[in-house]
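Please read the structure below before turning to the comments.
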Amino acid sequence: MSTSTPPAAPPARAKKRESTGGDMVRSLIVLLIPLVLISLFFMSRPTEQAGTEPVDWESLETVAAEEASFDVVAPRNLPGDWTPVRMKWEPGTDGADQRWMVGWLSPQQIYFSLEQSNVEAELVIKRVTRDGVVDGASEVNGVTWHRYRSPDDRTRSLVLTQDGLTTVVMSDSSYEELEAFAATVS
Numbered sequence: 001m002s003t004s005t006p007p008a009a010p011p012a013r014a015k016k017r018e019s020t021g022g023d024m025v026r027s028l029i030v031l032l033i034p035l036v037l038i039s040l041f042f043m044s045r046p047t048e049q050a051g052t053e054p055v056d057w058e059s060l061e062t063v064a065a066e067e068a069s070f071d072v073v074a075p076r077n078l079p080g081d082w083t084p085v086r087m088k089w090e091p092g093t094d095g096a097d098q099r100w101m102v103g104w105l106s107p108q109q110i111y112f113s114l115e116q117s118n119v120e121a122e123l124v125i126k127r128v129t130r131d132g133v134v135d136g137a138s139e140v141n142g143v144t145w146h147r148y149r150s151p152d153d154r155t156r157s158l159v160l161t162q163d164g165l166t167t168v169v170m171s172d173s174s175y176e177e178l179e180a181f182a183a184t185v186s
């Protein structure tokens with residue numbers, strides 16, 4: 001006869017505590033704190049306004065001048081507080097459908113652009129003037145430019161069409177400011 005003792009009962013587990021609303025709140029706080037810190041980190045970092053980084057437009061102008069079937073022009077001698085922010089050269093095919101564009105921000109953060117193209121004048125004018133309508137004429141450096149005003153009365157453009165080349169200066173500014181900008185084009 002063996003005198004073995006029955007195995008000992010496993011230790012009693014501690015009774016699991018019921019979850020409470022406070023537990024849920026604490027869990028959410030643990031999850032939200034890192035998210036808030038990460039968000040604050042990225043939101044507090046300074047960012048440049050999109051499209052306001054200065055561009056080296058002169059190097060692209062040199063390329064455009066070499067490839068274009070027309071004389072490429074650009075604003076010259078703008079004050080130092082004007083920032084060149086956009087440029088584009090589309091060489092087209094066999095000297096046709098070419099497009100040169102350069103854009104500047106004024107000290108008041110108003111965008112001014114100049115575009116030249118040998119694409120059909122009507123198409124260029126419609127696109128660049130934002131479906132503008134003729135609004136008179138301006139005399140700039142002894143040359144007559146046609147004024148265009150966008151349907152929402154926000155954008156003004158001066159358009160010069162000569163020998164199959166269309167040149168447009170455009171801005172959300174007054175005609176006087178646009179004429180002053182156009183006067184720097186050469």
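Just so you know, we're using the UniProt record's numbering here: the sequence shown kicks off at 1 and counts up by one. Beta carbons: idealized from backbone N, C-alpha and C, even for Gly. Here the structure is a predicted model, which is why all the values come from computation and not from measurement.
**Request:** Measure from the alpha carbon of D97 to the alpha carbon of each residue in L165, E53 and S106, then state which is nearest.
**Result:** Stepping through the sequence shown from its first residue, residue 97 is reached at position 97. Answer by Cα proximity: L165.
**Message:** Does the contact criterion of 3 or more C-beta pairs under 8 Å hold for the stretch 147-165 versus the stretch 123-131?
**Reply:** yes
**Message:** Give me the residue from W82, P107, E66 and V85 with the minimum Cα distance to G95.
**Reply:** On the sequence shown, residue 95 is found 95 positions in, with the first residue counted as 1. Looking at the Cα atoms, E66 is the closest of the given residues.
**Asked** In three-state terms, what does DSSP make of S27?
**Response** Taking the first residue of the sequence shown as position 1, residue 27 is located at position 27. Three-state DSSP puts S27 in a helix.
**Asked** How far does the beta strand (DSSP E) with A137 in it reach, from first residue to last?
**Response** Residue 137 sits at position 137 when you count from the first residue of the sequence shown. Taken as a continuous stretch (DSSP letters only), the beta strand (DSSP E) holding A137 covers V133 to V140.
**Inter-stretch contact (C-beta, 8 Å, three-pair minimum) for the stretch 17-37 and the stretch 51-63** = no
**Asked** Under a three-way DSSP split, which group does F70 fall into?
**Response** Taking the sequence shown and counting its residues from 1, the one referred to as residue 70 is at position 70. Correct three-state label for F70: coil.
**Asked** How would you label L35, buried or exposed, when you count the other beta carbons within 10 angstroms and need 16 or more for buried?
**Response** As a working note, residue 35 is residue 35 in the sequence shown. L35 is exposed by the Cβ-count criterion.
**Request:** Would you kindly work out how many angstroms separate the C-alpha atoms of M87 and E139, rounded to a whole number?
**Result:** Here the question's residue 87 lines up with position 87 in the sequence shown. Here the question's residue 139 lines up with position 139 in the sequence shown. So the two alpha carbons sit approximately 26 Å from each other.
**Asked** Grouping DSSP H, G and I as helix and E and B as strand, with all else coil, what is A65?
**Response** In the sequence shown, the residue the question calls residue 65 occupies position 65. Residue state, collapsed to three classes: helix.
**Request:** Helix, strand or coil for P54, going by three-state DSSP, please let me know.
**Result:** Position 54 of the sequence shown, counted from the first residue, corresponds to residue 54. DSSP places P54 in coil when its eight states are reduced to three.
**Request:** Going by CA-CA distance only, name the one from W89, E90 and S171 that's closest to T155.
**Result:** Translated into the one-based positions of the sequence shown, residue 155 becomes position 155. If we check each option's Cα against that of T155, S171 comes out closest.
**Message:** For V159, report the span of its alpha helix (DSSP H) as first-last.
**Reply:** Translated into the one-based positions of the sequence shown, residue 159 becomes position 159. Where V159 is concerned, there is no enclosing alpha helix (DSSP H), although the beta strand (DSSP E) it sits in stretches over R156 to Q162.
**Asked** On the three-state DSSP scale, how would you describe L105?
**Response** Position 105 of the sequence shown, counting from 1, holds the residue named residue 105. Correct three-state label for L105: strand.
**Item:** Three-way DSSP call (helix, strand, coil) for P75 in this model
**Value:** Taking the sequence shown and counting its residues from 1, the one referred to as residue 75 is at position 75. Three-state result, P75: strand.
**Message:** Considering only their Cβ atoms, is the gap separating W104 from V72 smaller than 8 Å?
**Reply:** Along the sequence shown, read from residue 1 onward, the residue named residue 72 stands at position 72. Along the sequence shown, read from residue 1 onward, the residue named residue 104 stands at position 104. In this structure, W104 does not lie closer than 8 Å to V72 by Cβ.
**Prompt:** Which of helix, strand or coil does DSSP assign to V85?
**Reply:** Position 85 of the sequence shown, counted from the first residue, corresponds to residue 85. Three-state DSSP puts V85 in a strand.
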